[in-house]
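Read the structure below first, then the notes.
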Amino acid sequence: MNDIVAEGLSLLVFGMGFVLVFLTLLVIATSTMSRIMMRIEPAPTPASIKPNQGTASASQPNDQVLVAVMSAAIKKYRADRHDK
Amino acid sequence: MNDIVAEGLSLLVFGMGFVLVFLTLLVIATSTMSRIMMRIEPAPTPASIKPNQGTASASQPNDQVLVAVMSAAIKKYRADRHDK
Amino acid sequence: MNDIVAEGLSLLVFGMGFVLVFLTLLVIATSTMSRIMMRIEPAPTPASIKPNQGTASASQPNDQVLVAVMSAAIKKYRADRHDK
Amino acid sequence: METLLNIWHDSGLYNLTAGQIAMIFVGIILLYLAINKKFEPLLLVPIGFGGILANIPQAGMAYSAVENAFHFGGAEVLAELALLLGSASANIAEMKVLYAEAPASIKAAASLIAQDSGYNNGMLYNFYSIAILSGAAPLLIFMGVGAMTDFGPLLANPRMMFLGAAAQFGIFATVIGAVGLTAMGVMDFSIQEAAAIGIIGGADGPTAIWVSTMLAPHLLGAIAVSAYAYMALVPMVQPPIMRLLTTERERKIVMSQLRPVSKREKIFFPIVLLFLVAFLLPAAAPLLGMFCFGNLMRECGVVDRLSDTAQNALINIVTIFLGLSVGSVLIAEKFLDVQTLGIMILGIVAFAIGTASGVIMGKIMNWMMGGNAINPLIGSAGVSAVPMAARVSNKLGLEANPQNFLLMHAMGPNVAGVIGSAIAAGVMIKFVG
Amino acid sequence: METLLNIWHDSGLYNLTAGQIAMIFVGIILLYLAINKKFEPLLLVPIGFGGILANIPQAGMAYSAVENAFHFGGAEVLAELALLLGSASANIAEMKVLYAEAPASIKAAASLIAQDSGYNNGMLYNFYSIAILSGAAPLLIFMGVGAMTDFGPLLANPRMMFLGAAAQFGIFATVIGAVGLTAMGVMDFSIQEAAAIGIIGGADGPTAIWVSTMLAPHLLGAIAVSAYAYMALVPMVQPPIMRLLTTERERKIVMSQLRPVSKREKIFFPIVLLFLVAFLLPAAAPLLGMFCFGNLMRECGVVDRLSDTAQNALINIVTIFLGLSVGSVLIAEKFLDVQTLGIMILGIVAFAIGTASGVIMGKIMNWMMGGNAINPLIGSAGVSAVPMAARVSNKLGLEANPQNFLLMHAMGPNVAGVIGSAIAAGVMIKFVG
Amino acid sequence: METLLNIWHDSGLYNLTAGQIAMIFVGIILLYLAINKKFEPLLLVPIGFGGILANIPQAGMAYSAVENAFHFGGAEVLAELALLLGSASANIAEMKVLYAEAPASIKAAASLIAQDSGYNNGMLYNFYSIAILSGAAPLLIFMGVGAMTDFGPLLANPRMMFLGAAAQFGIFATVIGAVGLTAMGVMDFSIQEAAAIGIIGGADGPTAIWVSTMLAPHLLGAIAVSAYAYMALVPMVQPPIMRLLTTERERKIVMSQLRPVSKREKIFFPIVLLFLVAFLLPAAAPLLGMFCFGNLMRECGVVDRLSDTAQNALINIVTIFLGLSVGSVLIAEKFLDVQTLGIMILGIVAFAIGTASGVIMGKIMNWMMGGNAINPLIGSAGVSAVPMAARVSNKLGLEANPQNFLLMHAMGPNVAGVIGSAIAAGVMIKFVG
Ligand code: NA
Ligand code: NA
Ligand code: NA
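Residue numbers (the numbering used here), protein chains in the order written: chain A, 1 to 84; chain B, 1001 to 1084; chain C, 2001 to 2084; chain D, 3001 to 3433; chain E, 4001 to 4433; chain F, 5001 to 5433.
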């Protein structure tokens, strides 16, 4: 067998092995960390997973929307006046 | 006549000549390209010239405006909540 | 007394002295400049001090807010259409 | 008349070589893929355009001052360079070889001689030096990617990391492929080149560029182009493999909803990851260190303006320079080679094997957990290619069961794949660098 | 007491030279023009402020380490530099000449000696090296300008390019003026200097800076200041010339509405332009290549975040550094020269001739097309100075006929003028560079 | 098996030194203070993270190519370096000393040798060279700070500058403290080191970094960390001192409303300041010049896009690099020293004295103006630490009298303190630099 093939196989075994070991340790470390965190701060907020796809329903309460519109508008209005 | 004047005149003749030839070729190339494009995609959208001066009339249909306001507001509202 | 202490004391005297002299000159220069400016342009606008703390009251007239909302919305709407 | 002839003799058309024509064509294809097919346009538009610029005859935009002196220099500067390089013949081909092998001090002297004779670094070469030779651009992009990555889904279910690990098998299998082709005499790759090619299978552009800068800089163009092009092919390459390896029943598995993850866990995760890397594989520390830094800026909540800049202005600026720089190495001598063909083939094989490994690991994990806990379709997301691979998993899940939303579950292996390939990169650099 | 005397002897006031006073005054005038008269403030504010900073006595902000050693160095470092430069006398004036003529390796050695003695590059000199000496800043600004340019009006009527070509006559006529003044013994310009001065007539700041960096770096300050100052004068310089050369009837010509231009045409245009440049005039490839790259990012629609960064954060950052760097060369020895006066006069002549050539070409084209197709007022927009020159055309059109909106029609020659002067720049560099 | 042993011998854990453990712990503390306690997070997050990265064993991210060759190099490269440096023994410790004392040309040659042997600058070292060694980052941050600063309150009442001047007494008193400790043999500071430490009392991060880069680069880490950490401690350190030195009656003084300030005054102020600096203290010109430039961009109203970029994208980018660069010097040999302890103690003393001086000057000014014009609480804001110190003044004013809003009045001394400490920095550099 060729020298380079031996090198390649060694890279495969040790490399893939290292990746697996590392990520296994990361699983353990992460789980431990999470468990400690949850003991310290028992009830995480349910909204903490960010929706990436905008799948959240569009039925936000109207008054909140209105508040948002108004606050954005007031902000913009002041910023505009400020620039002059 | 001075040497440098000769150089200057040669720059004038060849330089200006080159600019004219180049832009003439660019006219030809661009026109040819446009003609090919229009054959491929015969009816370009009429809105494709961007108004730089805000000359477009302000009479957008009201319901579309409303949709825009609301969608902007909802987006902002969610972004705000998201940051917390 | 140590050499370095002498150096330090000299730095204290001359350094602090320089800072005081410099800022005194800056007070004089600034006041002079302001006086000249006010002679040239006698009545500065009262709104020229920018509020950093958002202390301005939130009671902006409603119609201005509405104009701001609508203009922002129209702008956004056009920008959206433009992107397509 | 003579002037006209001069213009013509200095024109691009007169000096165009077959290699340049071919490479300009490659640049156009990349632009076509980027613009019409939306193949990773953020990178392939600058790469494609940079490739065209690099191949404009007589412009020398991608050459260093010394290379420009070699190409356009008169007898005098060539004689000086020959003296410096110790070339008796002043033959340009010989001098290029001597220059490539010269120590850094001779290279610096050659550059000063070239500049004295009025030859300067082309602009793309300057960008390449600053962005790629220094190693800065891939690291800054990784910082930005870190600032854009939400580890929430992975933290909710850390075992997903096994899927991200398994998918890296594609990387190492490709190395075997490359050395195998070499052993059979079909190709001729060194172990460093094989390692750099394998990283394409990591489906992570900056990682691939970083590794090939260190292990095989002459293959940078082919590797970067393959990495980004294949990432864009994920929606075509993965589904058949995924369908082949899974049963209809498996594809229908609905996974339980992810638990909510606290802000505090998200803040600690990049620090935990950094420590593991620091303690176990320092070679991966630059890449994962910057990644963790970006992620900490994102999650810590007190430096939002820095996080925002890292995710926008800074990463965009770096992307423009990185893309043009990668484009600048798309020159015929380096790219039009049988090696490139080998890289293209091995790269797609790497993707396919990585996908398969991820899915198979998903099946194994599902079997170990009772057969109804993990949908193996999310295994393929372990190759990274964030977030496209996760979307592919989601799409196939919906095909099998219209109520089966796998996206969030696939995001876990997906971001684990980024970590996995960075670790694989560190291993490569440690072992063969 | 001695310390007080020391402070006074090191103060700016004690060391102020007449040249510095004059140059600080120039800086203030530039700030005044920028802030009060709104003359191209984005460039003239940084240039003017940089000019003041560069002339602060004893601060050495615009000097390299070696220049700082020359100015402030003790006997020891001067002796070392004299040895290196081969100056027997250690006379500073002689050493400066020797240094200027020294090869790059000697310059590098001198810089190391200066740094060993504690003299460093001033900050403005650092900015100048990175932004201007490398050539990067003008190219990056051109990329941003490309990303801001809409070629739609030009594509709708490509013949407008002839107007953009004709207006470049001002460039070449100015070269003749400069060599004429030299032949008459009034001034003393080399052909390179004449070419660099001519480019002012192109009404394009980055192009002028790029060309003068290559052909006449010692004139950079005067050329850049003239280029930006005259661009701002367009609304004053052009109207009388335009009125003189056109009839009331011509000014009233209403042009037919432009046809809509498809997205696809806009995408292809920068590629077509790039190829023409690549094949015909590689010397213009860096400038127009980056311009086309910016424009392709804008139009291709798939890299909006890069286009946005090129048009905002990146161009703004580069503008700040470019402006300060140009300001850093506003020093008395280089600027307070009869040459500068010649440049200022020739620059405004170039603008006037360019405007006239554009208008006359407009008249010719109108005559060839039947006398009612082209309003010659749009010809003046061919000098570029985007979008001010187009607005001037529009304003004069409205004066003659309140329903005659020429703005969109004038944008065609206006952007063609940018291409035209970049081509002229390439020709200059090819012929005399 | 051997490979496994190799991995272990190259791992971070195996190579971890006690110093690195300590410094990683320092990094974690900085992150904790930044994230949990909100101590100047914009700087302390990058500094803390950079400190951790710099101390990852075997990664060499904070080392130059030569340092990496010293640490990881084989016999061959060490022999070459020993030859170059003139070390007979090839002992690494001796070579490090020789290298540190070598002239720049030898250092450059050593760097080329190291690179030829495959050792490169670590990424953090690259950032450090570009951001800090060149002096660019603090100046660019000062430009951004200038663009963020509103001098309106100071212009409305210029006498507030005396408070900004008085608070700088903390700086010089600290210098006396440092030389006193040296004279007593407790510490060993040179006058340059004492001056650099004193500047911590200026409560201005970029100024402190700029000065210590020039006067005591080896103390940069400790000084930068102290400066930013203590700035965050302002709300704890100042109130007791302020309460101690003022009477209840003084704290209740309500100051008259500030007059409105015209745009024109705001435009002229940076120019007036620049001229004073240029004429009286050129050594402070780089720092205050960039500051005035930023402020002029803000106020002139015609370059809003540049001002906006200076305040956002540019300052954020520079902050990221500056923070990581400062972090990169947090290495055990330099930081874990009794000097650092001295710096930490002297720094807090400087703050306390500066606060007291400002308050006392406030009392004096109030007494001179009739006893009811100036609330001495605003004197403490003269240390700068914008805007935190002004908020502290406001808070104590409200405590004494719920209608007593001192914020705007305290902004005057607050921004004057920035100018004052930059002037003090210039004096230090002029006298002992
Ligand atoms: Na991956
Ligand atoms: Na032009
Ligand atoms: Na201060």
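All residues carry an ideal CB built from backbone N, CA and C; glycine is no exception.
By the Cβ test, the stretch 4405-4419 of chain E is in contact with the stretch 4147-4156 of chain E, since at least three Cβ pairs between them sit closer than 8 Å. The beta carbon of F:P5206 lies closer than 6 Å to those of P5138, I5141, F5142 in the same chain, with the five residues before and after it left out. Taking a C-beta distance under 7 Å as the contact criterion, E:L4406 and E:I4378 qualify as a contact pair.
For F:Y5119, no alpha helix (DSSP H) run applies, since DSSP gives it neither H nor E. Among the residues facing chain E, D:I3419 is not included, as its CB has no counterpart in that chain under 7 Å away. Each of D:G3202, D:A3203, D:D3204, D:V3383, D:S3384, D:G3417, D:V3418, D:G3420, D:S3421 has a C-beta closer than 6 Å to some heavy atom of ligand 1; these make up the full list, in chain order. In this structure, DSSP gives F:N5015 a helical state, which the three-state scheme calls helix. Taking every protein chain shown into account, the CB of E:Q4115 has 16 or more other CB atoms within 10 angstroms, so this residue is buried.
Distance from the Cα of E:E4040 is smallest, within the candidate group E:A4385, E:G4371, E:I4130, E:A4082, for E:A4385.
Residue-level contact check: D:V3045 touches chain E, since one or more beta carbons of chain E fall below 7 Å from its beta carbon. When secondary structure is reduced to three states using DSSP, E:I4374 falls in the coil class, being assigned neither helix nor strand.
Taking the Cα positions, F:A5313 is about 6 Å away from E:A4313. Residue environment for B:V1013: exposed (fewer than 16 other C-beta atoms within 10 angstroms of its C-beta). The beta carbon of D:G3012 sits closer than 7 Å to the beta carbons of I3056, P3057, Q3058 from its chain, once the five residues preceding and following it are set aside; these are given in chain order. Take D:A3109, set aside five residues on each side of it, and the residues of its chain with a beta-carbon closer than 7 Å to its own are L3084, in chain order. By the Cβ-count criterion, D:T3247 is exposed, with fewer than 16 other Cβ atoms from all chains shown falling within 10 Å of its own Cβ. Looking only at E:F4162, E:L4324, E:L4330, E:I4343, the smallest Cα-Cα distance to E:I4130 is reached by E:L4324. Put simply, the CB of E:L4215 is far from chain D, with every gap to its CB atoms at 7 Å or more. Short of 8 Å from the beta carbon of F:M5290, and not among the five residues preceding or following it, lie these beta carbons of its own chain, in chain order: L5139, L5140, F5142, M5143, G5146. DSSP places D:G3135 outside both helix and strand once states are collapsed to three, so it counts as coil. Rounded to the nearest angstrom, the Cβ distance from F:Q5168 to F:G5221 is 24 Å, too far for a contact under 8 Å.
Comparing alpha carbon positions, the residue from E:V4175, E:T4355, E:N4091, E:V4254 closest to E:P4239 is E:T4355. Your pair F:G5051 and F:M5023 checks out as a contact, with CB atoms roughly 6 Å apart and the cut at 8 Å.
Excluding residues up to 5 positions away in sequence, G4060, Y4063 lie with their Cβ nearer than 7 Å to the Cβ of E:H4071 in the same chain.
If you draw a 10 Å sphere on the C-beta of F:Y5032, you find fewer than 16 other C-beta atoms in it, and that means exposed. In the three-state reduction of the DSSP assignment, E:R4159 falls in the helix class.
Positions of the alpha helix (DSSP H) runs, each at least 4 residues long and wholly inside the stretch 5177-5218 of chain F, are given as 5191-5198, 5205-5215 in order along the chain. With contacts defined by Cβ atoms closer than 7 Å, C:V2019 and F:G5420 form a contacting pair.
Here the alpha carbons of D:S3134 and F:A5065 stand approximately 12 Å from one another. When DSSP states are grouped into helix, strand and coil, F:R5259 belongs to the coil group. Around the Cβ of D:P3103, a 10 Å sphere holds fewer than 16 other Cβ atoms; the residue is exposed.
Judged by DSSP in its simplified three-state form, F:L5406 adopts coil rather than helix or strand.
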